[in-house]
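A.B. asks:
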Amino acid sequence: MSKIVKLKKGFDINLAGKPKQEFSDFATPRTFAIKPTDFIGFQRPKVLVNEGDTVKAGTPLLIDKSMSQVIYASPVSGEIVEIKRGDRRKLLEITILADKDIIFDISQKLNLESIDRDILIGKLAASGVWPNIIQRPFGIVANPANMPKAIFISGFDTHPLAPDYGFSLQGEEKYLQAGVDTLAKLTLGKVHLNLDGSKPVPAVFAEIKNVQVNQFSGPHPVGNVGVQIHHLDPINKGDIAWTVTPTGVVQIGKFVLDGVYDSSKVIAVTGSEITKPSYVRTYSGANVSTFIKGNLNSGHVRVISGNVLTGEKIHLEGFLGFYHNHITVIPEGDYYEFLGWAKPTTEKLSYHRALGLFSFLTPKKEFVLDSNGRGEERAFVQTGVFESVTPMDILPVYLLKAILADDYDEVEELGIYEIVEEDLALCEFVDVSKHPVQELVRRGIELIQYS
Amino acid sequence: MDKQRPLFEKGGKLESLYYAFEAGESFLFSPKHTTGIKGAQVKDAIDLKRMMITVVVALIPALIFGIYNTGHQHLLATGGTTGIWDHFGDKLTTGMVLVLPIILVAYAAGGMVEAIFAVIRKHPINEGFLVTGILIPLVVPATTPLWQVALATVFAVVIAKEVFGGTGMNILNVAMTARAFLYFAYPAQISGDQVWTYLGDKTAVDGYSGATALAVAYNAGVDGVPVTDALATHNSVMGADLFSFSNLFVGWIPGSIGETSTLMALVGALILIGTGVASWKIIVSGFAGAYIMGFIMNLLAVNEYMAMPPEYHWVLGGLAFGIVFMATDPVSSAQTETGKWIYGLLIGMLTVIIRVTNPAYPEGIMLAVLFMNVFAPLIDYYVVKANKTRRLQRATV
């Protein structure tokens, strides 16, 4: 039984620099990296290689000693050039200098018809594709020992400037189907594929079988899998569900059909400061400099791995995050502005309509936003705004206040199991009092997770 | 800016005054902070300063009207005018001479307290005072002694706000607390028939009564005269229909500086609702509550005041001003969307109950707002509990 859900709450941040549906022939990045900090809940990293070792695509690079059956594999073949550590020897990055032609670590192809679930899970966990499977609650890498009540795939991304899977996954239909079939073996419940109900079904998903296809429409965050789960089969205390992105599904499909960990993916290079916003095919963890250098409109920019709401600031020479399909480049906002709080403006985007904020008059306009903090942190004052951008039966302000007070019971009762950072990212954007909402959400999750 | 900054930062000579510096700096220039490494990389153009200033702008129609009406009431009482628009300049200057000092004193006294607390408690100076500083003058009569304004402001800012931790943490509406303080500490200057109109060194016209429309309505109830008749004949020595419904609505009546005009409160409401700064739910349900309770009073009427047509409750006294600007204070009102309906409705109903049944307090809105401020967390508690219960029930199904 597929479901059709229409949501009204939310807000689309309409940014300049949308990617054109074409591939650019950027120079291939020479280095790739795996960053343990990308994997939330990663506790005790153990590095399995040394600087100077040569690896294949799929060779295990590190494990988390608290869940050692899951390996984190090299996205490309080449030589380990750096194992970078920060304060107190915290592992930050393992950098690989890539070969010209990628050599894959090839294992046996799997026959889904006959394979036992436990063996399948063991193979996936040892292949490098497993970290694509995320567990709800908490938004951490799934534990292979668990049985999820259902698996959810959001087939569209409504974040600002997000890539269009209908374009970026072209030609991967076979692997998508194999990935979905694999996931169906991992749960006793359903596999849900949620598509954008406001558009015709993209060709890549048109023929897909063995899943329940649901239609969601509305403004962002309708594409967030957490919001979709809330309306399909909400997560209660004690429940476990898994989520996978379509890119992850394709990687799983490739492992099953071809026996390789192929981390290649199509990413979008976007943002107002990019001269030629477009798509490019690369591997997980790519160094982004070749996509950006010579492709910039201005010098003083912020490079973001991911989107402007949930992404992470990286260097011009930084690496794409494991879960990111998307680079955004916006102007850096470190400037003073004379009476900036009072000036009437049509150039700055606002969800609000308070005095002098006229952006609501031009809903179709594409805005150029920079990284300025737009004011300072204050106590919660305005009410009702967070609720109006959160299309879930959740009271975000009460939840956040409970987190600030470390009130374990309240945090649990107010619905922490149903959200991860991205689900309240829009609250952080629209917040009048400029709270670090996503940081608080993670603090609340950890309060419950490690108690 | 960058040059002076080190002086105030840790280790600088004027370290203890950092937050005073910071307030000045961020008032003149939006800061150059950028967003963090993780989390939202771009932010909405709104900030608390802009939100607060929107409320101040929404108050300006009521303020300008209040200034002019202060002058108008003065000339009317002393026999200097009969029409509304004659002696325009005189009325405006008289009003300004009376009202502007009150505003200055309120801002100065409150601002000082804010600054002292910010420096001692090491928190940023809060923008909330931008609004409080103008709300307090609007809810007192133009004849209030300035020292009382200062004292009430200091009392309200300290007791109603700073002891709880500043803007965003307070339970009671700060401006209403200031008025309540004056009302109970210095009743002679904020109640009765003598304080609402400034006479100066002139004497009032023979037969003039300085009673507010609310007092006239109340006395009509005591005397057993239909309220509408009493209002129509009030001060008839000076002109017919001074308390006609349209005058009551527009606000050409004696009262606190900003509260007399229902029309200007509605203009403010339009600004607040249009900009989304105040909750339309509280405003609508507040007015609805007053009407419903007025109607119930009609049904139960045992005296003439109870039989007053319910729409008169909207235009008498400070009900409209209180609902639009006081009840909607997001910090002290109910914070859940369902809660806002209940909260507004009860404020409207309580105001009318206090007005009609309580002989001691002719104006009910002040106590109704303060009372509901105290109960708002309770309303929210049950709304939040319902949310939790929905989640729990889902789990067991």
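Residue numbers (numbering that gives the first Met the number 0), protein chains in the order written: chain A, 0 to 450; chain B, 0 to 396. Glycine is no exception: its CB is placed at the ideal position from the N, C-alpha and C atoms. Given the structure is predicted, the values throughout are model-derived calculations rather than measurements.
1. Are there 16 or more other CB atoms within 10 angstroms of the CB of Leu175 of chain A, so buried, or fewer, so exposed?
2. Confirm, please, whether the CB-CB distance from Ala22 of chain B to Ile102 of chain B is below 7 Å.
3. Could you tell me whether the Cβ of Gln392 of chain B comes closer than 7 Å to any Cβ of chain A?
4. Using a Cβ-Cβ distance cut-off of 7 Å, determine whether His351 of chain A contacts chain B.
5. Helix or strand or just coil, what does DSSP make of Ser284 of chain B?
6. In or out: His158 of chain A buried (at least 16 other Cβ within 10 Å) or exposed?
7. For Met175 of chain B, is the classification buried or exposed, using 16 other Cβ atoms within 10 angstroms of its Cβ as the cut-off for buried?
8. So, Arg373 of chain A versus Ala44 of chain B, is the Cβ gap smaller than 7 Å?
9. Listed from N- to C-terminal order along the chain, which residues in the segment 244 to 276 of chain B have their beta-carbon within a distance smaller than 9 Å of any beta-carbon of chain A?
10. Are the CB atoms of Lys2 of chain A and Pro390 of chain A nearer to each other than 7 Å?
11. Return helix, strand or coil for Asp261 of chain A, following the three-state DSSP convention.
12. Taking Cβ positions only, does Glu316 of chain A come closer than 7 Å to chain B?
13. Find out if the Cβ-Cβ distance for the pair Gly154 of chain A, Leu194 of chain A is shorter than 7 Å.
14. Got a sec? Which residues, its chain only, sit under 8 Å from Val210 of chain A by beta carbon, not counting five neighbours each side?
15. Shortest alpha-carbon distance to Asn302 of chain B belongs to which of B:Met325, B:Ala216, B:Leu349, B:Ile346?
16. Kindly give me the distance between the Cβ atoms of Ala141 of chain A and Ile133 of chain A, rounded to whole angstroms, as I take these residues to be in contact under 8 Å.
17. Indicate whether the contact test is met: 3 or more Cβ pairs, each with one atom in the segment 385 to 400 of chain A and one in the segment 415 to 428 of chain A, closer than 8 Å.
18. Using the Cα positions of Thr344 of chain A and Ala15 of chain A, report the straight-line distance between them to the nearest angstrom.
19. Tell me which residues share the same chain as Asn357 of chain B and place their Cβ nearer than 8 Å to its Cβ, disregarding the 5 neighbours each side in the sequence.
20. Tell me, please, whether the CB atom of Val287 of chain A is closer than 7 Å to any CB atom in chain B?
21. Leaving out five residues before and five after Gln72 of chain B in sequence, what residues of the same chain have Cβ atoms less than 6 Å from its Cβ?
22. Answer yes or no: does any C-beta atom of chain B fall closer than 7 Å to that of Asp100 of chain A?
23. Name the residues in the segment 27 to 50 of chain B whose C-beta lies less than 9 Å from a C-beta of chain A; which are they?
24. Taking Met371 of chain B and Leu345 of chain B to be in contact with their CB atoms under 8 Å, please state how far apart those CB atoms are, rounded to whole angstroms.
25. Can you tell me where the alpha helix (DSSP H) with Asp195 of chain A in it begins and where it stops?
26. Check this for me: beta carbons of Leu96 of chain A and Pro44 of chain A, under 7 Å apart or not?
27. What distance in whole Å lies between the Cβ atoms of Gly284 of chain A and Gly305 of chain A, which are believed to be in contact at a cut-off of 8 Å?
28. Could you spell out the range, first to last residue, of the beta strand (DSSP E) harbouring Pro362 of chain A?
29. Could you tell me which residues DSSP puts in a beta bridge with Lys312 of chain A?
30. Are the C-beta atoms of Lys201 of chain B and some chain A residue less than 7 Å apart?
31. Could you compute how far the alpha carbon of Trp84 of chain B sits from the alpha carbon of Trp251 of chain B?
32. Considering only residues of the same chain and omitting the five flanking positions on each side of Gly78 of chain B, which have a CB-CB separation below 6 Å?
33. Along the chain, where does the beta strand (DSSP E) containing Glu92 of chain A start, and where does it finish?
34. Is Pro136 of chain B helix, strand or coil by DSSP?
35. Between Val249 of chain B and the rest of its own chain, which residues show a CB-CB distance below 8 Å, the 5 nearest in sequence each way excluded?
36. How about Pro376 of chain B: is its C-beta nearer than 7 Å to some C-beta of chain A?
C.D. replies: On the basis of the supplied data:
1. buried
2. no
3. no
4. yes
5. helix
6. buried
7. buried
8. yes
9. Ile270, Gly273, Thr274, Gly275, Val276
10. no
11. coil
12. no
13. yes
14. Ile152, Val179, Ala183, Lys189, Val190, His191, Leu192
15. B:Ala216
16. 6 Å
17. yes
18. 17 Å
19. Gly363
20. no
21. Thr196, Pro253
22. no
23. Leu27, Phe28, Ser29, Pro30, Lys31, His32, Thr33, Thr34, Gly35, Ile36, Lys37, Gly38, Ala39, Gln40, Val41, Lys42, Asp43, Ala44, Ile45, Asp46, Leu47, Lys48, Arg49, Met50
24. 6 Å
25. Element bounds for Asp195 of chain A: not the alpha helix (DSSP H) but the beta strand (DSSP E), 190 to 195.
26. no
27. Incorrect: roughly 13 Å between the Cβ atoms, too far for contact.
28. Premise fails: Pro362 of chain A is in no beta strand (DSSP E) and is neither H nor E.
29. A:Ile303
30. no
31. 11 Å
32. Val204
33. 90 to 97
34. helix
35. Ser260, Thr261, Leu262
36. no
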